Every structure is written in C-alpha cells, then in structure tokens.
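Residue numbers (UniProt numbering): 1 to 375.
In this text, a Cβ means the ideal position worked out from N, Cα and C, and glycines have one as well.
Predicted model, so just to flag it, every value in this text is computed and none were measured.
Below is one structure, written out as structure tokens, with a few remarks after it.
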Amino acid sequence: MTAIDSMKTSVDAGYAKFLPADTPVQYLDPAGRLTGRTARYPRPAPPRLVQMYRNMVLGRRFDEQATALTKQGRLAVYPSSRGQEACQIAAAMSLHANDWLFPTYRDSMALTTRGIDPVEILGMLAGDWHCCYDPVRHRTAPQCTPLATQLLHAAGLAHAQTRRDTGAVVLALCGDGATSEGDFHEALNFAAVFHAPVIFLVQNNGFAISVPLARQTIAPSLAHKGVGYGIGSEQVDGNDPMAMLAVLDEARKFVLDGNGPVIVEAHTYRVEGHTNADDPTRYRTNDEVAHWIQRDPIARLERYLLLEGLIDDGHIAAVAAEAEDRATTLRAGMNADRPTDAGDLFRYVFAEPTTQLREQHAQAHADIAADYDED
C-alpha cells in the first residue's frame, strides 16, 4: 500500500479529496471565465464572491497607501502584498469570529478584513514597541518577522482549542521560504500527532527574498510535504479568488470535523519587491512580472462578476470610492502625532526590573531631560 493509499483509508471517505491535486485547483482562468474543470469543492455563493471582490479592492488600496507612507518616512519598512490579495482575503473570510489567525509580516490585508484598525496594523512598522492591536479581541496573533515561528504557536493554540472544546480552528499563514525552516516541519508534525484543528496556508510567491523556489526544494509541490506527515493537503491557484475561497472554506470544515490539520499551498506571486528596501530587478525579469500581472486576482474576479451580472460599473465605482475614503482616513491617522513614553522601553521587559534596567531607564530619562533643557 502506498503512502497515498494509506492516507486515503485514514480519513473519512468524504474528505479523501484533501490530497494534493496533480495541478492546482482552479475555477477561473486569467480572463475571468470558468475553466470547465470538474469542481473538487463547492463553489462559493455569489454574495460571498461579491464580498470577496470588495475586500480585495479595499485591501489593495490599503497596500498602496502603506507603500506611499513608507516613501514619506511614516513607516520604517513595508512588505507589499500586491498580487496576493486572493490568498489573504480568502484566509480571513474563511474564518469565523471565534477562530484564530496567525499572520506573517506580509499579511496586513488579511488583518484589515478581520476588522482591525489599519492605523493599528501599521503601528509596529511605524516604530511602536508592540503590535498595537489587541490580539485576543481580534483573535489575531501579532504579525511576526522571523520565518515560521508563528506556525508553532498556531499549532499549540489549535491543540489548546481542542482540549478546551471551543469549536474554533486556527489558520496560520506563511511563505514558501518558511517551508525551509525547521519550525515549519516541527509545527506540521506536532499538529499531525495531536490532530490539531489548524490550517497551514503557504503563499508560494516564488521567492524567499531573492532565492527562487527551485533552490529551496525539489518536491513536486509544497502541498505534497503534508503527505509525509499524514495530514490533509491541497494546492490551489492563489490568484483565483473563487478557488481560494472554495478550498479554504472546505479546509475549515475538514479540520473542524476532527480530521486533523491541513496544508494548502497557494501558487501566487509577489508583484512588488520583498520590501521597499529590496531591488527585485536583481533576481527576476520584467517579463516575469508582466506575466503575473496578467493573472491579477482582482481583475480576474471583476471580469467574472461583470459577465455574470453580479456587479456593474456603478458597483465598481462605489467600491473604489470606499477604498479611497479609507485611504484618506489612514493617511490622517498615520500623520497624527502619537504620544510616546521612553519608559515603555524598560517597563515591560521583566515583571521586576533588574538593576541594569533601572540604571538604563534613569540614564534615558536624564538624556531626554537634558535635550529639553537645551531646547
């Protein structure tokens, strides 16, 4: 019996479909037309697709505004996620209010869809000492810069949800570069052994900064890595909003029904550089970028919704106007002075400050006081 056959017998027959397809799941082609392929998962209802379109447009405008704020010096750095809207928005939309999201540093769009204040989302990148939003209230872990560390936390929290019988699932986002980290494999193994209700969504955007996927793995797909851990696995066209919603909706049902974790690989592309400090022309061509721009997830869904009569030009204009209003509010919020207290640098390091911390705090206070006296 092969590993695939063994896995098929270990899960409920209705979910044997959660084995990686030979080709990524796709419902819409780049022109926004249905591909005609046999659907492996239920197609999302039209109202959800319309909502998906709105959230992606709002997310992209947020991303554009954040990029502009970086150029204006309001942010220290910003990792754009233009081109990955379908992945991030579908991730947030597939979750219920009690579910948890564990994002990476690039997943700010997903946070906006969870209803977090955009100004709070950008607070850390503006230099604040904490993540700025309330993780418990929003059921969203702090965005993290180290690769794959959040996956271990997600697996642990998912296991805790099972022990507490909360009926909640956890979705953890990561990139293809994170799959080369030991934490990635430890998280998958822990989640598999303890049957934790967690979805690992890998946004395979082709590069770990400048390292292409071919230099990271020779596996047939990143989704196939899940087979080795005996967990549900799937790969999907990450620029097909309909496919992303369909797969993640079903993945949530799969883990909630007690079938253990799932890994979903979304094939997508990072149109901008790794961050605003990166020069992507050093490691990829303009033709490659143009190829992926033609597969833009927003344009793809917009064409489909127009062809189906689910939206019209007036709806498109109204969503664009809403996105612009939100960008204006974000600019105003980021341009407002925020009170700062240098004592926070020392106050929350330990429950009881050490002698060295007290000395450093006193020195910082004296330096600040001296600066004020000079002014």
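Would you list the residues sitting across from residue i in a DSSP beta bridge?
i	result
residue 104	144
residue 203	175 and 266
residue 208	211
residue 25	236
residue 198	170
residue 34	28
Measuring alpha carbon to alpha carbon, tell me which of the options ends up nearest residue i.
i	options	result
residue 24	237, 212, 166 and 64	237
residue 368	350, 341 and 357	341
residue 208	37, 294 and 274	274
residue 53	201, 310, 268 and 232	310
residue 126	73, 299, 86 and 151	73
residue 205	139, 251, 177 and 95	177
residue 418	244, 30 and 202	Missing from the structure shown is residue 418; the chain here goes from 1 to 375 and no further.
residue 188	216, 215, 149 and 218	149
residue 221	318, 170 and 233	233
Check for me: the alpha helix (DSSP H) holding residue i runs from which residue to which?
i	result
residue 322	313-335
residue 306	297-307
residue 351	Run containing residue 351: none; DSSP gives neither H nor E here.
residue 292	286-293
residue 67	46-71
residue 135	135-138
residue 156	149-164
residue 346	344-347
residue 19	That residue, residue 19, is in no alpha helix (DSSP H); it is neither H nor E in DSSP.
Suppose you measure from the CA of residue i to the CA of residue j; what does that come to, to the nearest Å?
i	j	result
residue 360	residue 346	8 Å
residue 246	residue 39	9 Å
residue 109	residue 358	39 Å
residue 226	residue 248	16 Å
residue 10	residue 155	Any reading at residue 10 needs caution, since the residue's pLDDT is 41, under 50, leaving its predicted position unreliable; the model's value is listed next. In a straight line, the C-alpha of residue 10 is about 21 Å away from that of residue 155.
residue 179	residue 32	31 Å
residue 172	residue 200	5 Å
residue 323	residue 60	9 Å
residue 193	residue 68	45 Å
residue 3	residue 45	For residue 3, the pLDDT reaches just 33, beneath the cut-off of 50, and the residue's location in the model is therefore unreliable, although a value from the coordinates is still provided. One C-alpha to the other measures close to 35 Å.
residue 362	residue 287	56 Å
residue 28	residue 354	59 Å
residue 115	residue 370	42 Å
residue 5	residue 261	No answer about residue 5 holds up, because its pLDDT of 42 lies below 50 and its placement is not dependable.
residue 66	residue 278	16 Å
residue 22	residue 235	9 Å
residue 97	residue 139	8 Å
residue 113	residue 36	30 Å
residue 388	residue 183	Missing from the structure shown is residue 388; the chain here goes from 1 to 375 and no further.
residue 280	residue 289	10 Å
residue 223	residue 337	45 Å
residue 241	residue 86	5 Å
residue 292	residue 174	20 Å
Ends of the beta strand (DSSP E) at residue i?
i	result
residue 234	232-237
How would you call residue i, buried or exposed, if buried means at least 16 neighbouring beta carbons within 10 angstroms?
i	result
residue 307	exposed
residue 229	buried
residue 136	exposed
residue 190	buried
residue 92	buried
residue 100	buried
residue 77	exposed
residue 90	buried
residue 268	buried
residue 365	exposed
residue 102	buried
residue 356	exposed
residue 197	buried
residue 325	exposed
For residue i, decide whether its Cβ has a neighbour in chain B, counting only Cβ atoms nearer than 8 Å.
i	result
residue 205	In the displayed structure, chain B is absent; only one protein chain is listed.
Are there any heavy atoms of the ligand FAD lying less than 7 Å away from the beta-carbon of residue i, as far as the coordinates show?
i	result
residue 331	Among the components of this structure there are no ligands whatsoever, and the ligand FAD is therefore not found.
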